[in-house]
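Q: Please see the structure below; I have some questions.
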Amino acid sequence: AAGIAALLKSSIATTVSNMLLVIIGFLGLPIVALAATSFTASYLIPMLPFMMWLGILGGWLIAVVIAILAAPLWAVMHLHPNGDDLTGRGGNGYMMALSLLLRPALTIFGLIAALVLTELMGEFVNKIFFSVFFSGSSAGWGTGLVTILSVVFSMTVYTSAMVQLFRKTFSLMHVIPDQLMRWIGGGQEQM
1 AAGIAALLKS SIATTVSNML LVIIGFLGLP IVALAATSFT ASYLIPMLPF MMWLGILGGW
61 LIAVVIAILA APLWAVMHLH PNGDDLTGRG GNGYMMALSL LLRPALTIFG LIAALVLTEL
121 MGEFVNKIFF SVFFSGSSAG WGTGLVTILS VVFSMTVYTS AMVQLFRKTF SLMHVIPDQL
181 MRWIGGGQEQ M
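Its first residue numbered 1, the sequence shown is counted upward by one per residue in our numbering.
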């Protein structure tokens, strides 16, 4: 009886183990997809503005270093004999200096505009996304595996839309200074 109980116990354990492997193998891909989507929504999206801000700050600091290194040459260009006016050939340096001085304030205005637009557009996406996403499917949520795949796919599409929304709106932090400097005749390169 003890031998039969041990054999029965090991066969039940093997059966349960095999069933768990099949279930994990069957649901493994949706679970990994949901984990990647949740990582993106939880960590990447909230960090996008910070990472973009660091990139803008780094670009501005590099421009300041370049301006410090170019200042002696800029001063010499004022003495160039072929210059038509008081600034000689150093006139372009004034627009660069103006760009260096205005860029931090314009970046702050870009951040404020990005925060306002992200709130408006994020609310818009949140209000209509799922009704639009599921209005196209005749089966709705479906049953079984279709339900799981529908949830995974909808979360992936939603997260991708939010990443693009954040990237586009928070790019205003560098687009506003670049575009404004173009309007007044300076700043040919984007930072």
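In this text, a Cβ means the ideal position worked out from N, Cα and C, and glycines have one as well.
CB-CB under 6 Å to residue 40, same chain, minus the five flanking residues each way: which ones, in chain order?
A: Residue 40 sits at position 40 when you count from the first residue of the sequence shown. Closer than 6 Å at Cβ, skipping near neighbours: 159.
Q: Does the contact criterion of 3 or more C-beta pairs under 8 Å hold for the region 66-73 versus the region 18-33?
A: They do not touch, by the three-pair rule.
Q: Evaluate residue 167 with the Cβ neighbour count: other Cβ atoms within 10 Å of its Cβ, from every protein chain shown; 16 or more gives buried, anything less gives exposed.
A: Numbered from 1 along the sequence shown, position 167 holds the residue referred to as residue 167. Exposed is the call here.
Q: The alpha helix (DSSP H) with residue 61 in it runs from where to where?
A: The residue given as residue 61 occupies position 61 in the sequence shown. Residues 45-77.
Q: Quick test of your reading: residue 165 and residue 107, contact by CB under 8 Å. State the CB separation rounded to the nearest angstrom.
A: The residue given as residue 165 occupies position 165 in the sequence shown. The residue given as residue 107 occupies position 107 in the sequence shown. Actually they are not in contact, since the Cβ atoms of residue 165 and residue 107 sit about 20 Å apart, beyond 8 Å.
Q: In chain order, what residues of the same chain lie with their CB nearer than 6 Å to the CB of residue 154, ignoring the 5 residues before and after it?
A: Counted from its first residue, the sequence shown places residue 154 at position 154. Excluding residues within five positions, the ones whose Cβ falls inside 6 Å are 133.
Q: Going by C-alpha to C-alpha distance, which of 149, 55 and 59 sits closest to residue 99?
A: Translated into positions along the sequence shown, residue 99 becomes position 99. Residue 99 has its Cα closest to that of 59, out of 149, 55 and 59.
Q: Let me make sure I understand the geometry here. Which of 93, 10 and 171 has the alpha-carbon closest to that of residue 115?
A: Numbered from its first residue, the sequence shown carries residue 115 at position 115. The option with the nearest alpha carbon to residue 115 is 171.
Q: Could you give the DSSP three-state label for residue 185: helix, strand or coil?
A: Reading the sequence shown from its first residue, position 185 is the one you call residue 185. In this structure, residue 185 counts as coil in the three-state DSSP scheme.
Q: Please state the DSSP three-state secondary structure of residue 171.
A: Here residue 171 corresponds to residue number 171 of the sequence shown, with the count starting at 1. If DSSP states are grouped into helix, strand and coil, residue 171 belongs with coil.
Q: If you check the beta carbons only, do residue 149 and residue 49 fall under 8 Å apart?
A: Here the question's residue 149 lines up with position 149 in the sequence shown. Here the question's residue 49 lines up with position 49 in the sequence shown. Result no, Cβ atoms of residue 149 and residue 49 do not sit closer than 8 Å.
Q: Given that a residue counts as buried once 16 or more other Cβ atoms are within 10 Å of its Cβ, and exposed if not, what is residue 169?
A: For the purposes of this step, residue 169 is taken as residue 169 along the sequence shown, with counting starting at 1. Buried: at least 16 other Cβ atoms inside 10 Å.
Q: Quick one, are the C-beta atoms of residue 156 and residue 35 less than 8 Å apart?
A: Stepping through the sequence shown from its first residue, residue 156 is reached at position 156. Stepping through the sequence shown from its first residue, residue 35 is reached at position 35. Not closer than 8 Å, so no.
Q: For residue 178, name the three-state secondary structure that DSSP assigns.
A: Numbered from 1 along the sequence shown, position 178 holds the residue referred to as residue 178. Helix, per DSSP.
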